[in-house]
Every structure is written in structure tokens, then in C-alpha cells.
């Protein structure tokens, strides 16, 4: 039996390395690409709220449980996970990460 590890040293890449931000839907194994972290967070929030409502409305104890998980370059994303791996978390206001980002090009 294969295990999926979302976090830790041997985490499983669920999405595509080349796609910076996406949302993976467990159970259906769908991946929805997004342009920004904010877009991925919004979609994950909407999907998780919908899945919760579906579960509340269900009378069956056998309905599948689904989750929407934000992915960063294919891996499950949290600020703490990115920091633990020495990566930029992508949050614009993150002090430790933003201080390491290149300055925007003058236009």
C-alpha cells in the first residue's frame, strides 16, 4: 500500500513542478492551476466549503470525503512547510521571504 505524505522530508508531489500555484482535489485527483497564491487559496476555500456543505446535507455515512489542497510547484503548501524546506513561502507580506526576493524591475 502506497502512502501519500503531504508534509515532511518524503512528501509526495501531487501536481506539476512547473506550475507555481494550483489546487489538488483529493478523491477526484483533479488539479486546477491558478496564477497566484491568492487565487489558489480562494479556490481551495470555496471547494472546501462546498465539500463541507455536501457532507452536512448527506444522509449516507459512506459519502467520500474530499479536500482541496493548495500546491506550490506540485507539493502541498503551508507557510511553515515552505520555510522548513528553506523555500520562499510566496506570501507577499512575509518578512523573512520578502527580504530575500529580488527587487521589482523599474518600469
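Numbering (my numbering), first residue to last: 5 to 111. The beta-carbon is built from N, C-alpha and C at its ideal position, and this holds for glycine as well. On a predicted model such as this, the values are computed, not experimentally measured, just so you know.
Spatially closest choice to residue i from the options, by CA coordinates
{"i": "residue 22", "options": "47, 78 and 36", "result": "78"}
{"i": "residue 45", "options": "62, 74 and 68", "result": "74"}
{"i": "residue 72", "options": "87, 85 and 54", "result": "54"}
{"i": "residue 83", "options": "70, 98 and 69", "result": "98"}
{"i": "residue 18", "options": "76, 90, 96 and 103", "result": "76"}
{"i": "residue 3", "options": "62, 32 and 63", "result": "This structure cannot settle anything about residue 3, because the visible part of the chain is limited to 5 through 111."}
Cβ separation of residue i and residue j, assumed to be a contact under 8 Å, to the nearest whole Å
{"i": "residue 25", "j": "residue 43", "result": "7 Å"}
{"i": "residue 70", "j": "residue 30", "result": "5 Å"}
Exposed unless 16 or more other CB atoms sit within 10 angstroms - verdict on residue i
{"i": "residue 13", "result": "exposed"}
{"i": "residue 80", "result": "buried"}
{"i": "residue 7", "result": "exposed"}
{"i": "residue 94", "result": "buried"}
Residue i versus residue j - alpha carbon distance
{"i": "residue 5", "j": "residue 36", "result": "Because the pLDDT at residue 5 is just 46, under 50, the model does not fix this residue reliably, and the point stays unresolved."}
{"i": "residue 100", "j": "residue 34", "result": "32 Å"}
{"i": "residue 48", "j": "residue 66", "result": "23 Å"}
{"i": "residue 91", "j": "residue 102", "result": "11 Å"}
{"i": "residue 110", "j": "residue 39", "result": "22 Å"}
Paired residues, beta bridge with residue i - DSSP
{"i": "residue 25", "result": "38 and 76"}
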